[in-house]
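Residue numbers (my numbering), protein chains in the order written: chain E, 44 to 393; chain D, 61 to 225.
Just so you know, even glycine gets a beta-carbon here, dropped at the ideal spot from N, CA and C.
Before any comments, here is the structure.
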C-alpha cells in the first residue's frame, strides 16, 4: 500500500498536498470500510446461496417469493432484522451484552487485511501473514464466551463454553496443517505462499508431496469448519440441544451481527484454505488470465467453491456430539497433523 | 509530533485506560475485558517497535490462551447468576500511602534512567531471525522450555482424567 500512496503523491492530484500520514489513515479507513462492506455483501449472497443450495439438495425450491427466484430474500430479512426490537434481558449484563457483537464482528474483519488478493496489491504485506490470521481468529473465542456469559442464561453459557472449547481445540490441527505448507515455502507471507504455487494446477500445494499435503488439506478443512461452528460441528448453536446456544438472548440486529460474523468467518477460512493449498491468486491454467485483477477472480472463485462444499456438508452430515467433537480433534486430527508434518519434513530432507 | 508519536500515545492511552478498568472494576468479568484490551494495546506497542512476530504471539498466547483460561476459570467457579464474590476495598488509607510511596520510587527511577532512543527505521521482519536464533544460539533454552511445556501438558491431562482421584 505504500507504493500506492507514493504513486498518488507523485501524481498531480489534489491528494498530493496532504501529508503521507493523513493519506495512510484515509486508506486504512477506506480499507476497513471495504472489509465491512465485503462482509455484509458476503452474508447477503451466502445466506441466499445456502437457502437455495439446501433447498435443491432437499428437492424443494427455497425462497421464491421475494424478487425473481427469491434473490431479494436476504435483503428483506436484513430489513426485518434491523426493524426488530432489541430485547436485552433485564438480569443480563448490559455492557457486555452490547460489547460481544463488536468483538465477534472485528475478528474476521481484521483477518481480511493479510490475505493475498492479487499478485501485485496486498492490503498489508505482513511477513507473518499466516500467524496473524491464526491469532486473530482466536479473538472470536473470547467474543462467544462473553456473549454466552452476558446473556445470563444457562443454555447460552453452556453453548458459549462448548463453542470456546471447540474452537480452541480445533485451532491446533488447523495450525499444524498451516505449518505443513509454511514448511514447504519457508515463509509465513501469504503472497510468497501464493507465488510458490504459481504456474498451473499441477503446482498447487494440495497435490505436492502426496499424500501428506492432501491429508493436511483435509485436516485444515475439517478443523476450520469446526472453528466456524458449522455443521457437523454446530452443537453450540443447535436448536434441539441448546435452544440457540450463545446467541439465544440476542434479537434483531445483534443476532444478525452474529450471523454476519459466522459467514464472514467462513469466507476467511475458505480464503485462507484457497491461499494455502489451492494456489491463491494463480490461475489453474498456466499463463492464462494470470495477471492483475484476475487474481481476485481466481482467489474468490476457489473460496466460493470451498464455501459451496461447506454448505453441501451442512445438509449431508449429522451433527457431532460434544464428546465426539473433542475426540475427533484431539485423538484423530492432531496425530494425523503431526504425522503429516513429520512426513513432509522427512520427504523434504531426503 | 509525527504520526508515530500520535499512534503511540493513542495505543498507550487505550492500554492505560483498560488497565485502569481492570484494576478498579468490581466485576471480575469486567476485569478480564480490561485485560483483553490491555493485551491488545501491548501487542500494538510491539508492532510499533517492529516486533511483528512477538505481537502476533502475544495475541495468540495471551488473548487466545491465557485469557480464555482465565474466563473459563472465572465462569466455572461462580454460580450462574453473576458474581457472588465479595469485592470491596479494605484499609484504603494505608494502601494509598504504600502505593504512593512505591509509585514515587518507580517514577524517580524512570526519570533518572537514560533511555536510549532507537532510530525510527523501517522495521525488518523478525521471524527468520528468531527462527535462526532458536536453532543456533538459544537452542538449549528452547529445548528446556519444550520439556517444561510437556510437563505442564502431562500434568493437565492427569488432573483432568475421568476416574475419581
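| Check | Outcome |
| --- | --- |
| For the alpha helix (DSSP H) containing residue 227 of chain E, name the first residue and the last one. | 197 to 228 |
| Take the Cβ of residue 136 of chain E as the centre, count every other Cβ of all protein chains shown within 10 Å, and call the residue buried at 16 or more, exposed below. | buried |
| Output needed in chain order: residues of the stretch 167 to 196 of chain D with a Cβ under 7 Å from some Cβ in chain E. | 185, 187 |
| Taking C-alpha atoms, which residue in E/237, E/377, E/253 lies nearest to residue 164 of chain E? | E/237 |
| Residues of chain E with CB under 8 Å from residue 135 of chain D, in chain order? | 188, 192, 200, 204 |
| In whole angstroms, what separates the C-alpha of residue 331 of chain E from that of residue 159 of chain E? | 19 Å |
| Just the C-alpha distance for residue 75 of chain D and residue 154 of chain D, rounded to the nearest angstrom, thanks. | 27 Å |
| If residue 194 of chain E and residue 132 of chain E are in contact, beta carbons under 8 Å, what's the gap, nearest whole angstrom? | 7 Å |
| What separation, rounded to the nearest whole angstrom, lies between the Cα atoms of residue 220 of chain D and residue 214 of chain D? | 10 Å |
| Just to make sure I have the definition right: I need the residues of chain D whose C-beta is within less than 8 Å of the C-beta of residue 179 of chain E. Which are they? | 119 |
| Please confirm if residue 171 of chain E has its CB atom under 7 Å from at least one CB of chain D. | yes |
| Taking C-beta pairs closer than 7 Å, name the residues in chain D that residue 182 of chain E reaches, listed in chain order. | 123 |
| Measuring only between beta-carbons, confirm whether residue 148 of chain E sits less than 7 Å from chain D. | no |
| For the stretch 127 to 151 of chain E, which residues have a CB atom closer than 9 Å to at least one CB atom of chain D, in sequence order? | 134, 136, 138, 139, 142, 146 |
| Would DSSP call residue 328 of chain E helix, strand or coil? | coil |
| For residue 237 of chain E, which of helix, strand or coil comes out of DSSP? | helix |
| Taking 7 Å as the CB-CB cut-off, is residue 64 of chain E touching chain D? | yes |
| Express the C-alpha separation of residue 197 of chain D and residue 86 of chain E in angstroms, rounding to a whole number. | 49 Å |
| Along the chain, which unbroken stretches of the beta strand (DSSP E) at least 3 residues long are found entirely within the stretch 85 to 130 of chain D? | none |
| Could you spell out where the alpha helix (DSSP H) holding residue 188 of chain D opens and where it closes? | 187 to 195 |
| Quick one, which of D/70, D/163, D/123, D/77 has its alpha-carbon nearest residue 184 of chain E's? | D/123 |
| Say yes only if the C-beta of residue 200 of chain D is nearer than 6 Å to one or more non-hydrogen atoms of the ligand FAD, and no if none qualify. | The model on display carries no ligand, and the ligand FAD is accordingly not part of it. |
| Does any CB atom of chain E fall closer than 7 Å to the CB of residue 112 of chain D? | yes |
| Roughly how many angstroms lie between the CA atoms of residue 122 of chain E and residue 193 of chain D, to the nearest whole one? | 55 Å |
| Taking buried to mean at least 16 other C-beta atoms within 10 Å of its own C-beta, is residue 125 of chain E buried or exposed? | exposed |
| Taking the beta carbon of residue 170 of chain D as the centre, do at least 16 other beta carbons fall within 10 Å, making it buried, or is it exposed? | exposed |
| Would you say residue 104 of chain E and residue 205 of chain E are within 7 Å of each other, going by their C-beta atoms? | no |
| For a contact defined as C-beta to C-beta under 7 Å, what are the partners of residue 116 of chain D on chain E? | 171, 174, 175, 178 |
| Return no unless some Cβ of chain D is closer than 7 Å to the Cβ of residue 231 of chain E. | yes |
| For a contact meaning CB atoms closer than 9 Å, what does residue 185 of chain E contact in chain D? | 92, 93, 96, 123, 124, 127, 128, 131 |
| Note down the Cα distance separating residue 346 of chain E from residue 150 of chain D, rounded to an integer number of angstroms. | 57 Å |
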